[in-house]
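Have a look at the structure below, then the notes.
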Amino acid sequence: MALLLTRVRTAFAASGVHVRSVSLVTRFPETALGLKVRDEKKPFLDLPTALANCKENAVRKFDETVDIVVELGVDPRKPNQSVRGVVTLPNGTGKTVRVAVFAKGEKAEEAKAAGATIVGAEDLLADIQAGKLDFDRCIATPDMMALVGRVARVLGPRGLMPNPKLGTVTQDVSAAISAAKGGQVEFRAEKKGIVHAGVGKVSFSDDALIENIRAFMVAIGDAKPEGAKGKYIKAMHLSSTMGPGIRLEARLLDPSSPQFMRF
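The opening position of the sequence shown corresponds to residue 7 in our numbering, with each subsequent residue numbered one higher.
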């Protein structure tokens, strides 16, 4: 910490600003060196208060997404501690979802009729191999998975790989497309056990956002792996697309807590 403070003071001194104390440094969310300074003095807020602050900070000229970040007590590198799932938000995401479908014949026609953005097989594969990924969700019929597997290394890291456990490898492409467009959100724990998702828009009513967040947190609770030890939901933050992070009172959003959603 002493070394970090010295570097920060040096950077500000070079620009004519003299830093006298740590408290002054922590007012800056990011230093001149690009180093994040974590402000532990920020209060923990209940969800209604956090949403009010989030909307107040959303001053850009577009309808910002409300994002939630959950820090879980898991190590995703261990097979018995992976967290992954899907949840349908009762009030949708407010986002226009572009859906790509790998299918042929009747299933391809069914996908087009259901409103898929892109439908194809070898031609869709070629587009993906060429770097064209103009879609947010990818669905495939089971007979297409051998073909889809050829671009698994492209789709997988982006969270786009069809998965039968998530309902995106299916014969019922119409239902899968409707779910994807109707507010279905996939989630998974990434590095350091972090899960994040967009849960609506700042234009949504507080009640609509609270209902969406409740559904999301219940899904996170249901996805708790058997290998998870100790505290499962460790910390939570809320923000709009361009706004600052707001620390949430995690115990009020933990489905296993008797205080869950009691504000």
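Yeah, the Cβ is synthetic: ideal placement off N, Cα and C, and Gly gets one too.
Inter-residue CB distance, residue i and residue j (contact presumed, cutoff 8 Å)
i: Val272; j: Phe210; result: Since the first residue shown for the chain is 7 and the last is 269, residue 272 is missing from the structure and cannot be characterised.
i: Lys84; j: Gly206; result: Not confirmed; about 32 Å, so no contact.
i: Gly98; j: Gly173; result: Incorrect: roughly 17 Å between the Cβ atoms, too far for contact.
i: Tyr238; j: Gly91; result: So it is not a contact: roughly 14 Å between Cβ atoms.
i: Asp73; j: Ser245; result: 5 Å
i: Val175; j: Ala64; result: With 8 Å as the limit, Val175 and Ala64 do not qualify as a contact, their Cβ atoms being about 37 Å apart.
Exposed unless 16 or more other CB atoms sit within 10 angstroms - verdict on residue i
i: Met150; result: buried
i: Val154; result: buried
i: Pro148; result: exposed
i: Pro168; result: buried
i: Val179; result: buried
i: Asn2; result: Nothing about residue 2 can be read from this structure; the chain reaches only from 7 to 269.
i: Glu70; result: buried
i: Glu116; result: buried
i: Ala132; result: exposed
i: Pro82; result: buried
i: Ala158; result: exposed
i: Lys235; result: exposed
i: Ser29; result: Unreliable placement is indicated for Ser29, whose pLDDT of 35 sits below 50; no coordinate value is reported for it.
i: Gly121; result: exposed
From the options, residue whose alpha carbon lies closest to that of residue i
i: Val89; options: Gly121, Glu112 and Lys198; result: Lys198
i: Asp213; options: Phe108, Glu77 and Met267; result: Met267
i: Thr123; options: Gln265, Ile145 and Ala136; result: Ile145
i: Asp228; options: Asn59, Val107, Val93 and Arg156; result: Val93
i: Leu161; options: Ala136, Phe50, Pro264 and Ile183; result: Ala136
i: Val247; options: Arg66, Lys240, Leu139 and Ser262; result: It is Thr, not Val, that sits at residue 247 in the sequence shown. Residue Arg66 is the option with its Cα nearest to Thr247.
i: Asp260; options: Ala182, Asp129, Ala225 and Ala119; result: Ala225
i: Arg220; options: Pro163, Ser263, Ala182 and Ala195; result: Ser263
i: Ala114; options: Gly126, Arg104 and Val103; result: Gly126
Test item: CB-CB of residue i and residue j under 8 Å
i: Arg257; j: Lys48; result: no
i: Ala186; j: Arg143; result: yes
i: Pro54; j: Glu217; result: no
i: His243; j: Gly249; result: no
Opposing strand residues paired with residue i [DSSP bridges]
i: Glu77; result: Ile200 and Ala241
i: Ile252; result: Leu244
i: Ala146; result: Phe108 and Val175
i: Glu192; result: Val92
i: Val125; result: Val107
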